[in-house]
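Enquirer: Please see the structure below; I have some questions.
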Amino acid sequence: MTKLPFRQTAFALLLCTLAGSASASLTVQVVDSAGQPVPDAVVYAEGSAPLVKSPAQVDIEQKDKKFIPLVTVVQTGTAINFPNNDTVRHHAYSFSTPKPFDIKLYAGTPTKPILFDKSGTVVVGCNIHDQMIAYIQVVDTPFFAKTDASGKARIANIVAGKYSLKAWHYKQAAGIPINEQTITYKDDATITVKLNYKAG
Ligand SMILES: [Cu+2]
1 MTKLPFRQTA
11 FALLLCTLAG
21 SASASLTVQV
31 VDSAGQPVPD
41 AVVYAEGSAP
51 LVKSPAQVDI
61 EQKDKKFIPL
71 VTVVQTGTAI
81 NFPNNDTVRH
91 HAYSFSTPKP
101 FDIKLYAGTP
111 TKPILFDKSG
121 TVVVGCNIHD
131 QMIAYIQVVD
141 TPFFAKTDAS
151 GKARIANIVA
161 GKYSLKAWHY
171 KQAAGIPINE
181 QTITYKDDAT
191 ITVKLNYKAG
């Protein structure tokens with residue numbers, strides 16, 4: 001094997017490190033008590049790793065008299081816009097403790113986004129259309145994801161460490177504690193979380 005000059009060796013090592021961190025992820029499969037995959041569940045890993053602030057700009061739009069998406073997960077400190085893409089006006093509000101708010105009857109995008117600065121569940125409704133509902137899970141960690149139709153969520157760019165892995169679903173009755181387990185994450189892994197109730 002040809003010996004690489006130091007600089008090239010260092011560069012190759014750097015590339016390997018970057019490739020490694022880019023691909024590392026934790027996949028979480030969420031099933032309910034009947035073993036059925038649960039879509040739209042929120043999973044998040046709380047640990048002692050230094051927190052990176054996610055500067056993401058998040059939208060919950062209103063279209064066809066629905067909030068889209070139904071479920072949103074954000075890190076504490078994230079601002080969310082509520083653009084109205086319908087021709088009718090909406091009035092988005094919440095009474096939830098982490099962030100009560102009220103965006104009175106409006107069209108288009110409200111001038112100011114709402115800042116979600118405390119963790120917890122925020123249920124959003126529309127004062128005009130009773131059927132409209134959205135759920136926001138605000139979490140104190142940058143390591144979070146939402147399950148897809150097959151009940152799988154991929155937490156990307158999670159770093160090695162010990163975590164409390166939590167799972168929350170909007171159909172879980174108030175008062176049911178959030179599903180929680182302690183995990184040690186090292187490298188790419190898949191973990192199954194079983195909720196203690198039937199989601200379907
Ligand atoms: Cu409405």
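Quick note on numbering: this note's numbering labels position 52 of the sequence shown as 52, and the sequence is numbered without any gaps.
Beta carbons: idealized from backbone N, C-alpha and C, even for Gly.
(1) Is K65 close to ligand 1? I mean its beta-carbon at under 7 Å from any heavy atom of the ligand.
(2) Write down the C-beta distance between I155 and A45 rounded to the nearest angstrom, noting that I regard them as a contact closer than 8 Å.
(3) So, is S48 buried or exposed, given that buried needs 16 or more other C-beta atoms within 10 angstroms?
(4) CA-CA distance, T121 and W168?
(5) Using DSSP with H/G/I as helix, E/B as strand and the rest coil, what is Q75?
(6) With distances taken Cα to Cα, identify the nearest neighbour of Q57 among K63, D64, V43 and T72.
(7) Where do the N-terminal and C-terminal ends of the beta strand (DSSP E) with N179 fall, by residue?
(8) Can the beta-carbon of E180 be found closer than 8 Å to that of K171?
(9) Looking at C-alpha atoms only, which residue of Y185, D148 and G161 is the closest neighbour of V31?
(10) Any heavy atom of ligand 1 closer than 7 Å to the Cβ of I60?
(11) Using beta-carbon positions only, say whether P37 and S150 come within less than 8 Å of one another.
(12) Is the Cβ-Cβ distance between Q62 and N81 less than 8 Å?
(13) Give a yes or no on whether the C-beta atoms belonging to F67 and A134 are separated by under 8 Å.
(14) Rounded to a whole number of angstroms, what is the C-alpha to C-alpha distance between T78 and A153?
(15) Using a Cβ-Cβ cut-off of 8 Å (strictly less than) and excluding sequence neighbours within five positions of R89, which residues of its own chain qualify?
(16) So, is K65 buried or exposed, given that buried needs 16 or more other C-beta atoms within 10 angstroms?
Expert: The relevant details are as follows:
(1) Indexing the sequence shown from 1 puts residue 65 at position 65. Checking every heavy atom of ligand 1 against the Cβ of K65, one is found closer than 7 Å.
(2) Numbered from 1 along the sequence shown, position 155 holds the residue referred to as residue 155. Numbered from 1 along the sequence shown, position 45 holds the residue referred to as residue 45. Sure, about 6 Å apart at Cβ, within 8 Å.
(3) Reading the sequence shown from its first residue, position 48 is the one you call residue 48. S48 is exposed by the Cβ-count criterion.
(4) Walking along the sequence shown from the start, residue 121 turns up at place 121. Walking along the sequence shown from the start, residue 168 turns up at place 168. Their Cα atoms are separated by approximately 9 Å.
(5) As a first step, residue 75 must be located in the sequence shown, where it is residue number 75. Strand at Q75.
(6) Position 57 of the sequence shown, counted from the first residue, corresponds to residue 57. The residue with the shortest Cα to Cα distance from Q57 is T72.
(7) Residue numbering aside, residue 179 sits at position 179 when the sequence shown is read from its first letter. Where N179 is concerned, the enclosing beta strand (DSSP E) stretches over N179 to Y185.
(8) By one-based count along the sequence shown, residue 180 stands at place 180. By one-based count along the sequence shown, residue 171 stands at place 171. The answer is no: Cβ separation not under 8 Å.
(9) Reading the sequence shown from its first residue, position 31 is the one you call residue 31. Checking every option, the nearest Cα to that of V31 belongs to D148.
(10) For the purposes of this step, residue 60 is taken as the residue at position 60 of the sequence shown. For ligand 1, not one heavy atom lies less than 7 Å from the Cβ of I60.
(11) Indexing the sequence shown from 1 puts residue 37 at position 37. Indexing the sequence shown from 1 puts residue 150 at position 150. For P37 and S150, yes; Cβs fall inside 8 Å.
(12) Here residue 62 refers to the residue found at position 62 of the sequence shown. Here residue 81 refers to the residue found at position 81 of the sequence shown. Against a cut-off of 8 Å, the Cβ pair of N81 and Q62 comes out as no contact.
(13) For this step, residue 67 is matched to residue 67 along the sequence shown. For this step, residue 134 is matched to residue 134 along the sequence shown. Taking 8 Å as the Cβ cut-off, F67 and A134 qualify as a contacting pair.
(14) Locating residue 78 in the sequence shown gives position 78, counting from the first residue. Locating residue 153 in the sequence shown gives position 153, counting from the first residue. About 20 Å.
(15) Taking the first residue of the sequence shown as position 1, residue 89 is located at position 89. Correct list, in chain order: L105, Y106, A107 and I128.
(16) Here residue 65 refers to the residue found at position 65 when the sequence shown is read from its first residue. That one is exposed.
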